[in-house]
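Enquirer: In this note's numbering, the protein residues as written are 986 to 1271.
Backbone N, C-alpha and C fix where the C-beta goes; we use that ideal spot for every residue, glycine too.
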Amino acid sequence: MRDQYFDVRYSLTVKVIITLVIAFVLQQVAILYFHFNVDHFLGLSRAGLAKGWAWQLLSYSLLHSGPWPWHLLGNCLAIYFFGRSIEESLGPRRFLLIFLTGIVVGGALQVVTSFFPEHFDSRIIGASAGAMALFSAYASLFPGRDFTVFIYFLPVTVRVQVAFVFVLLLSIFGTLIPFGGIAHAAHLGGLLYGLYQIRYGFQLTRPSWLPSRTKPAPRPTAYVTARKAGSWKSQKVLPAEEIQEDFISKEVDPILDKISAHGIHSLTDQEREILDKARKKMGKKQ
986 MRDQYFDVRY
996 SLTVKVIITL
1006 VIAFVLQQVA
1016 ILYFHFNVDH
1026 FLGLSRAGLA
1036 KGWAWQLLSY
1046 SLLHSGPWPW
1056 HLLGNCLAIY
1066 FFGRSIEESL
1076 GPRRFLLIFL
1086 TGIVVGGALQ
1096 VVTSFFPEHF
1106 DSRIIGASAG
1116 AMALFSAYAS
1126 LFPGRDFTVF
1136 IYFLPVTVRV
1146 QVAFVFVLLL
1156 SIFGTLIPFG
1166 GIAHAAHLGG
1176 LLYGLYQIRY
1186 GFQLTRPSWL
1196 PSRTKPAPRP
1206 TAYVTARKAG
1216 SWKSQKVLPA
1226 EEIQEDFISK
1236 EVDPILDKIS
1246 AHGIHSLTDQ
1256 EREILDKARK
1266 KMGKKQ
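1. Do serine 1064 and isoleucine 1002 have their C-beta atoms within less than 7 Å of each other?
2. Give the DSSP-derived three-state secondary structure of threonine 1004 in the structure shown.
3. Beta strand (DSSP E) containing proline 1140: first to last residue?
4. What does DSSP give as the partner residues of isoleucine 1109 in its beta bridges?
5. For the alpha helix (DSSP H) that isoleucine 1136 lies in, which residues bound it at each end?
6. Secondary structure at tyrosine 995, three-state DSSP: helix, strand or coil?
7. Leaving out five residues on either side along the sequence, give the residues of the same chain with a beta carbon under 8 Å from the beta carbon of leucine 1260.
8. Can you find at least 3 beta carbon pairs, one from the region 1106-1116 and one from the region 1025-1039, that sit closer than 8 Å?
9. Report yes or no: do the region 1120-1135 and the region 1064-1079 share at least 3 C-beta pairs separated by less than 8 Å?
10. Kindly confirm or deny that the region 1041-1049 and the region 1139-1150 touch, where touching means at least three C-beta pairs closer than 8 Å.
11. Have a look at Phe1067, Ser1050, Gly1051 and Leu1029 and flag the residue whose alpha-carbon is nearest the alpha-carbon of leucine 1176.
12. What's the gap between the Cα of arginine 974 and the Cα of histidine 1020?
13. Evaluate isoleucine 1088 with the Cβ neighbour count: other Cβ atoms within 10 Å of its Cβ, from every protein chain shown; 16 or more gives buried, anything less gives exposed.
14. Quick one: using the 10 Å Cβ neighbour count with 16 as the cut-off for buried, is glycine 1174 buried or exposed?
15. Taking the straight line between their C-alpha atoms, what separation do you get for lysine 1200 and arginine 1069?
16. Work out the CA separation of arginine 1130 and methionine 1117 for me, nearest whole Å.
17. Check the C-beta distance from tyrosine 1178 over to valine 1097 and give it rounded, since I have them as a contact under 8 Å.
18. Could you check if leucine 1161 is buried or exposed, using at least 16 other CB atoms within 10 Å of its CB as the buried criterion?
19. Using 7 Å as the threshold, is the C-beta distance between leucine 1094 and alanine 1170 below it?
20. Figure out for me which residue from Ser1050, Gly1159 and Leu1057 has the closest Cα to the Cα of phenylalanine 1101.
21. What runs of the alpha helix (DSSP H), each 4 residues or longer, lie entirely inside the region 1145-1188?
22. So phenylalanine 1120 and leucine 997 are supposed to be a Cβ contact under 8 Å. How far apart are they, rounded?
23. Do glycine 1092 and leucine 1029 have their beta-carbon atoms positioned less than 7 Å apart in this structure?
24. With a 10 Å radius around its C-beta and 16 neighbouring C-beta atoms as the bar for buried, classify arginine 1264 as buried or exposed.
25. Let me make sure I understand the geometry here. Which of Thr1086, Lys1262 and Ile1016 has the alpha-carbon closest to that of alanine 1122?
26. Nearest to valine 999 by CA position, among Cys1061, His1172 and Ser1099, is which residue?
27. Can you give me the Cβ contacts of asparagine 1022 inside the same chain, cut-off strictly under 8 Å, excluding the 5 residues immediately before and after it?
28. What is the residue span of the alpha helix (DSSP H) that glutamate 1072 lies within?
29. Whole angstroms is fine: what's the gap from phenylalanine 1164's alpha carbon to aspartate 1254's?
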C-alpha cells in the first residue's frame, strides 16, 4: 500500500535520477582516465544485439553524452516532473514498469528503423525513451493540466495534451525523415508505450489499496442505548467497516467499472478525487 503522504525525497523517481547521475559520472571517469569505451558495450546498436548483447536494450539508458551534462539534465528534469506524479498516482512499481519498458520498447523500435533506407545505424545512448513514456502517461492521466516549456528562455504555457500531440507528431516525422542526429524512433516508442499502458495496460487492474468486491461475511450489529425526552431508546450504530464497504460499493465501484470499460484517462476530476478519498480512507484503516 502506498503511503497517504507522498514524500518525493524518498521516492523511486528520485532514486532513478540519482542512479542516472552516478552512472554518468562513472561513464565520464572511465572514458577520461581509463580510456574505456563504455558506449561500445553498454550503448544500444544493431551490431551489439547481433552479438547477443541483449542487455543493451536497458543499459543504453544509463549513458549520456558528455562531458557536459546537458543531455543528462534534460532527461532528469523530465523524469522528475512527470515521474513523481505517475509514481504518486499509480505507485512506484507501475512507475518503474512504464519507465523501464518504455526504454526497451523505444530502443527496439530505434533498432528496427535502422534497417530503413537513409536511416542511421549508429549507437544510441540516453534515457529519453523512458522519459517520453512517463510524459505520455502523464499526459494521458492529466490531460487538462498546464505544461510550461522554455523557448529561448521565454516561458510558454500550453495544455499538456497539446504538448503531447506536438511531441508525438514531431517524433513521427523524425522517425520517417531522420534529422538532427536524434533517436526519434526511440522517443516515439516511449510515447506509444506510455499511452498504451495508461489506456489499456492498467484499465482492468483494481487498485491494491481497495478491498475485494466479494460480499463480506455478515457482521454483528452494534446498538447503543440513549435517553431522549424522558424515554430510553436503542439506536443502531453501523460498524466503521460496514460504512466503508457501503462507500466503496456506491461511490468507488462504478468508477472502477468505468476504468475497465474506457480506461483511467476517461475519469473526470471529481471521480479522481473520489478514488483519492477512498485511498486515504484505506490508508487510515491500515
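Expert: Straight from the coordinates:
1. Your numbering for residue 1064 matches position 79 in the sequence shown. Your numbering for residue 1002 matches position 17 in the sequence shown. Before going further, note that residue 1064 is isoleucine rather than serine in the sequence given. Cβ distance < 7 Å, so isoleucine 1064 and isoleucine 1002 count as in contact.
2. Counting from one through the sequence shown, the residue named residue 1004 turns up at place 19. Helix, per DSSP.
3. Numbered from its first residue, the sequence shown carries residue 1140 at position 155. Its beta strand (DSSP E) spans residues 1139-1144.
4. The residue labelled residue 1109 in the question sits at position 124 within the sequence shown. For isoleucine 1109, which the question treats as bridged, DSSP gives the partners Leu1029.
5. Your numbering for residue 1136 matches position 151 in the sequence shown. Where isoleucine 1136 is concerned, there is no enclosing alpha helix (DSSP H), although the beta strand (DSSP E) it sits in stretches over 1131-1136.
6. Within the sequence shown, numbered from 1, the residue matching residue 995 stands at position 10. In this structure, tyrosine 995 counts as helix in the three-state DSSP scheme.
7. The count along the sequence shown starts at 1 and reaches residue 1260 at position 275. Closer than 8 Å at Cβ, skipping near neighbours: Pro1192, Val1237, Ile1240 and Leu1252.
8. yes
9. yes
10. no
11. Along the sequence shown, read from residue 1 onward, the residue named residue 1176 stands at position 191. When only C-alpha atoms are compared, the closest one is Phe1067.
12. Here the chain comprises residues numbered 986 to 1271, so residue 974 is not present and cannot be evaluated.
13. Here residue 1088 refers to the residue found at position 103 of the sequence shown. So isoleucine 1088 ends up on the buried side.
14. Stepping through the sequence shown from its first residue, residue 1174 is reached at position 189. Label assigned to glycine 1174: buried.
15. The residue labelled residue 1200 in the question sits at position 215 within the sequence shown. The residue labelled residue 1069 in the question sits at position 84 within the sequence shown. Because lysine 1200 sits at a pLDDT of 46, beneath the cut-off of 50, its placement in the model cannot be relied upon, and the following sentence gives the value as read from the coordinates. Spanning the two alpha carbons is a distance of roughly 35 Å.
16. Taking the first residue of the sequence shown as 1, we reach residue 1117 at position 132. Taking the first residue of the sequence shown as 1, we reach residue 1130 at position 145. In a straight line, the C-alpha of methionine 1117 is about 17 Å away from that of arginine 1130.
17. As a first step, residue 1178 is located in the sequence shown; it is residue number 193 there, counting from the start. As a first step, residue 1097 is located in the sequence shown; it is residue number 112 there, counting from the start. The Cβ separation is near 14 Å, so there is no contact.
18. Mapped onto the sequence shown, residue 1161 falls at position 176. So leucine 1161 counts as exposed.
19. Against the sequence shown, residue 1094 aligns to sequence position 109. Against the sequence shown, residue 1170 aligns to sequence position 185. Yes, they are a contact pair.
20. For the purposes of this step, residue 1101 is taken as residue 116 along the sequence shown, with counting starting at 1. Of the listed residues, the one whose Cα sits closest to phenylalanine 1101 is Gly1159.
21. 1145-1161 and 1169-1181
22. Translated into positions along the sequence shown, residue 1120 becomes position 135. Translated into positions along the sequence shown, residue 997 becomes position 12. That pair is no contact at about 17 Å.
23. What you label residue 1029 is simply residue 44 of the sequence shown in a count that begins at 1. What you label residue 1092 is simply residue 107 of the sequence shown in a count that begins at 1. For leucine 1029 and glycine 1092, yes; Cβs fall inside 7 Å.
24. Indexing the sequence shown from 1 puts residue 1264 at position 279. Buried, by the Cβ-count rule.
25. Along the sequence shown, read from residue 1 onward, the residue named residue 1122 stands at position 137. Of the listed residues, the one whose Cα sits closest to alanine 1122 is Thr1086.
26. Sequence index remark: in the sequence shown, residue 999 carries index 14 (1-based). Looking at the Cα atoms, Cys1061 is the closest of the given residues.
27. For this step, residue 1022 is matched to residue 37 along the sequence shown. The answer, listed in chain order, is Ile1016.
28. The residue you call residue 1072 lines up with position 87 of the sequence shown. Here the alpha helix (DSSP H) through glutamate 1072 covers 1055-1075.
29. If you number the sequence shown from 1, residue 1164 lands on position 179. If you number the sequence shown from 1, residue 1254 lands on position 269. Rounded to the nearest angstrom, the two C-alpha atoms are 39 Å apart.
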